[in-house]
Each structure stands twice: as C-alpha cells, then as structure tokens.
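Written below as structure tokens is the structure these notes are about.
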Amino acid sequence: MKLVLLALGGDARHARKALGERYPKAEIEEITRAEIESGGMAQRLNALRALRPDVFAVVTERLAWQRGQNAFLLFGALAGARRTIIVDAHEGWREEGRARSLMASPTRLAREATISAAAMMRAARQLRRLELAIKRGEHLKPRAQKKNAEHGATEIVYVRATPGPGTQLGGAASHINGFINAAVELGARVSPLSNDQIAGLDEDKTPLKVIWPKPVGSTRAAFDIYNNLLFTHGAALEIERAQPDFIYQRYSRFSWAGVEASRRTGRPLFLEYNGSEVWVGRYWDRVGSLGLLERYERLNLAAAARVFVVSEVERQNLLRAGVEDEKIVVNPNGVDAERFQPNIGGSRVRKELGIGRNETLVGFVGTFGPWHGVLVLAEAIKLMPGDARVR
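Per the working numbering, the very first residue in the sequence shown carries number 3; after that it's consecutive.
Here it is as structure tokens:
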C-alpha cells in the first residue's frame, strides 16, 4: 500500500506518525506543495497519479481553517486514491472513500458555490450600510449602560479576527500575548475574543472566548468573508454583553467585527494596524477581490477612534492614505526584557553545537512570511567573507 502525503501546514511529523498508526503497512511518500500548485489541473492530477497512491493524505494546521476540503477529496479520488484523508495538528481527521467522494462532490461543490455567492452579497450589503453610517457619523444607542468594574480597572475586549489558525507559534502570537500580558500587568481587565485558540495564551489568567470558523468558501475571498460574517455576528453580541471601555482589534483582511461592535455599543474602536492588507494581497499573497478588500480597509481606518502602528514609516503610509494625524499613535514594538536577556541559555546551546565563544552567531526566530525578511538575511550571509568567524 502506498500513501502519498501533501503537507500544507501543521506538523508533518505528527501526521506521519498518526497515519502510520492508521495504516501500519503503508509506504509513505511526500509530494510537495510546489508540485501540486504548478501548472493546470490536468498537470496536478498527472503529478499525483504518477505516484500511484492508494491513500492521499493532506496535512494542515487546523481542519476548520482549511479551505477547499471538498475539492481535495475529489482531487484524491480523480487521481486514483482509494481513500483521501485531511488531517490536522490537533487530532482533526476527515477521511472518505473514492466512490463516496465521486458521488457527493458535484452536490457539495455546487452548494459551497451557492453559499459563497450568498455570503458575498450579504457582506456587500453590510459593507454599504456601515460605509454610509460611518460617513454620517452614526452610532446606535448602547443597549446597556456601562457598569464600572468594582475594582475600577479599564475593561478591554481584544479582538483577533485573522482569517487563519492562531495556534502556530510566531510573531503574531507573540505580539498578541505581549499586548494582553502587558495590559493585564498594568491593571486592565482584558477579555480576548478570537476565531481560534491563541498560541501561548494563559487562559487560566485570561479566559478566551472562541467563535469557531467553518471550512466554507469556493474562493479565498469568499472563505474569509463567510467566516467574518460568522465571527462578526458572534463578536458583536459578546461585546454588547461585555460593554467594555473600548474595543482593541488587531486589523486583518476582510474584517469588520470591531466596526460593527463599536457602532452598536458606542464604545471606541482602537485598531492595531500592522500594515495594508491590500498591499500584501497585491504583492505577496494571492487573496483576490482587492477592490473589495480596499473598501474594508478604508472602513476600518475611518471607523477607528485611534490607529496604532509600530513605526514612523507606517504612520507616513497612513497619512498618505488620508488618515487624520491625530488618530495615529506610533507604539514601537518592545521586548520582554525578563524573558529575552543575555545568559539565559546561549552558552549551553553553543556547547551543544560546537560553536566557540569568540564566534559571532546569528539566528532567526519566526515564520517564513516575506514580511519577516528572512530572504534578506540569506542574501546577507552570502556577502560574508569566507574566513569570517560567523555561524
């Protein structure tokens, strides 16, 4: 038996172990994402068929965030696999036989396309309504009066609406944890509201409310918008109940939850803006529907009482985009000096790796998103003299 593995994300080693336990006699061979994504559909099918899979397995970080599951099931069936599996890093598992996939796929794909079209139309109506309301300066009257906390602490609802898993360690998770932990240490009461669990968050100290997504959407934009409809509905209700002093949202593409909640409650929206999603979508990320994305971006910036950026460069970008100077707060990224400091393990690692104390060691911690500049680091390494004592 041959099992062909396609790793889109998550922990491929964990998936290999789980698949090996389910199919102990299977020979496991990997096909790369580049092989699948290059060329047209016929070329992709031929690439998989050439490996003659009995089982086709797709590995992802979180099933709920994996778009195109129905298409993957059909793809595996058309490539000749007797069974197709989609498995994630959190014990999520979807498995289906070839006959079932071939029979069910036309109805599934048609239904998903219909739901996607309906979601896009519904979101367009909501967008027009919010654009008009923000232009007129309208806010709904709060349904409940603000109740001051007994201890007098500032109450914040932190909104994480990023259309993707929150369980991966990296810059985004570190940034979220850094803000929440610092706000709590300063005496605020923070209620995080997210569409996934957040890596590293101490939920005993800061309970998290999750509004889970659904893997529905025939295009990437439709997937994001469908799930932002779900999230916005649930988030607005939660924020109405909480009646915080303000809403702090980490801006993300096709998101308007903070705008809607602010309009309903009269609470100010503080927007953490780490860069233009339109720019990212145009140059780094194939998201599509850039015109619509630009309208959502303008809506968030117009609705926010304050917009927080981490650099003067981003402040200048916002000024050129027409955002009022008085709304922009430059809040540079900091570092937890208690956690990241000299002499907390470097000597041990150098010894383990055989690196001398007099050698300069350069490391990189983070994901390989182009915004982190790891390719620049790679190019810089090529410029180093051959006899430099640098690792």
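Even glycine gets a Cβ: it sits at the ideal position worked out from N, Cα and C.
Going by C-alpha distance, which of the options is nearest residue i?
i, options, result
"arginine 113", "Gly70, Ala126, Ser264", "Gly70"
"leucine 232", "Arg102, Gly42, Arg124", "Arg124"
"alanine 259", "Lys207, Gly180, Pro165", "Pro165"
"arginine 297", "Arg255, Leu111, Gly78, Ser196", "Arg255"
"valine 192", "Arg359, Ile178, Asn179, Thr208", "Thr208"
"isoleucine 158", "Gly202, Arg252, Gly168, Asn230", "Arg252"
"leucine 195", "Ile178, Gly189, Leu188", "Ile178"
"arginine 138", "Tyr250, Leu301, Glu314, Leu47", "Leu301"
"isoleucine 213", "Leu203, Gly189, Leu239", "Leu239"
"arginine 131", "Ala106, Ile88, Glu262, Ala184", "Glu262"
"arginine 341", "Asn183, Gly94, Val289, Ile357", "Asn183"
"isoleucine 88", "His235, Ala9, Arg266, Leu385", "Ala9"
"glutamate 29", "Arg35, Leu21, Ala36", "Leu21"
"isoleucine 330", "Leu303, Asn345, Val351", "Leu303"
"alanine 201", "Ala175, Ala190, Val186", "Ala175"
"serine 264", "Leu47, Gln45, Ala305", "Ala305"
"asparagine 345", "Arg359, Asn333, Asn335, Val332", "Arg359"
"alanine 390", "Thr62, Leu377, Val364", "Val364"
"asparagine 67", "His92, Arg84, Thr86", "Note that residue 67 is tryptophan in the sequence shown, not asparagine. Per the Cα distances, His92."
"glycine 226", "Val161, Val351, Ile241, Val289", "The question names glycine, but residue 226 is aspartate in the sequence shown. Aspartate 226 has its Cα closest to that of Val289, out of Val161, Val351, Ile241, Val289."
"leucine 210", "Val161, Ala339, Gly189", "Val161"
"valine 406", "Leu320, Asn229, Ser313", "The chain is shown only over 3 to 393; residue 406 falls outside these bounds and no answer can be derived."
"isoleucine 249", "Leu50, Gly356, Thr267", "Thr267"
"arginine 15", "Leu50, Arg35, Thr62, Gly154", "Thr62"
"proline 372", "Pro167, Lys216, Trp281", "Trp281"
"alanine 323", "Val309, Ala163, Ser349, Arg352", "Val309"
"leucine 65", "Val337, Glu205, Gly168", "Gly168"
"glycine 189", "Ala155, Asn335, Tyr228, Ile241", "Ala155"
Going by DSSP, which residues form a beta bridge with residue i?
i, result
"leucine 5", "Ile30, Val57"
"histidine 194", "Looking at the sequence provided, one finds proline at residue 194 rather than histidine. Looking at the DSSP assignment, proline 194 forms a beta bridge with Tyr160."
"leucine 21", "Bridge partners of leucine 21: none, in fact."
"valine 392", "Thr362"
"tryptophan 95", "Val89"
"threonine 62", "Asp90"
Check the C-beta distance from residue i over to residue j and give it rounded, since I have them as a contact under 8 Å.
i, j, result
"phenylalanine 370", "leucine 379", "With 8 Å as the limit, phenylalanine 370 and leucine 379 do not qualify as a contact, their Cβ atoms being about 11 Å apart."
"leucine 7", "glutamate 32", "5 Å"
"leucine 273", "alanine 223", "Not confirmed; about 21 Å, so no contact."
"isoleucine 383", "valine 218", "Not a contact, Cβ separation roughly 43 Å."
"tyrosine 25", "methionine 3", "6 Å"
"arginine 110", "asparagine 48", "That belief does not hold up - the Cβ atoms of arginine 110 and asparagine 48 are roughly 24 Å apart, past 8 Å."
"asparagine 319", "serine 278", "7 Å"
"valine 311", "glutamate 361", "Rounded, the Cβ-Cβ distance is 37 Å, inconsistent with contact."
Consult DSSP for residue i and reduce its assignment to one of helix, strand or coil.
i, result
"threonine 208", "coil"
"phenylalanine 77", "helix"
"tyrosine 253", "coil"
"isoleucine 88", "strand"
"glycine 348", "helix"
"arginine 269", "coil"
"arginine 394", "Nothing can be reported for residue 394: it is not among the residues displayed for the chain, which extend from 3 to 393."
"glutamate 326", "coil"
"threonine 109", "helix"
"valine 309", "strand"
"glutamate 274", "strand"
"valine 2", "Residue 2 is absent from the structure shown; the chain starts at 3 and stops at 393."
"phenylalanine 233", "helix"
"phenylalanine 181", "helix"
"phenylalanine 248", "strand"
"valine 186", "helix"
"valine 331", "strand"
"proline 165", "coil"
"isoleucine 200", "coil"
"threonine 369", "coil"
"leucine 132", "helix"
"glutamine 170", "coil"
"aspartate 13", "coil"
"glycine 283", "helix"
"valine 378", "helix"
"tryptophan 258", "coil"
"glutamate 340", "coil"
"glycine 293", "helix"
"alanine 52", "coil"
"arginine 102", "helix"
"glutamate 140", "coil"
"isoleucine 38", "helix"
"arginine 127", "helix"
Closer than 7 Å to a non-hydrogen atom of the ligand GTP - does that hold for the CB of residue i?
i, result
"leucine 8", "With respect to the ligand GTP, the structure shown offers nothing to examine, as it has no ligands at all."
Please confirm whether residue i has its beta-carbon closer than 8 Å to some beta-carbon of chain B.
i, result
"lysine 207", "In summary, chain B is missing from the structure at hand, where a single protein chain is found."
Check whether the stretch 70-81 and the stretch 97-106 are in contact - that is, three or more C-beta pairs closer than 8 Å. yes
Looking at C-beta atoms only, is the number of pairs between the stretch 55-67 and the stretch 82-99 that lie closer than 8 Å three or more? yes
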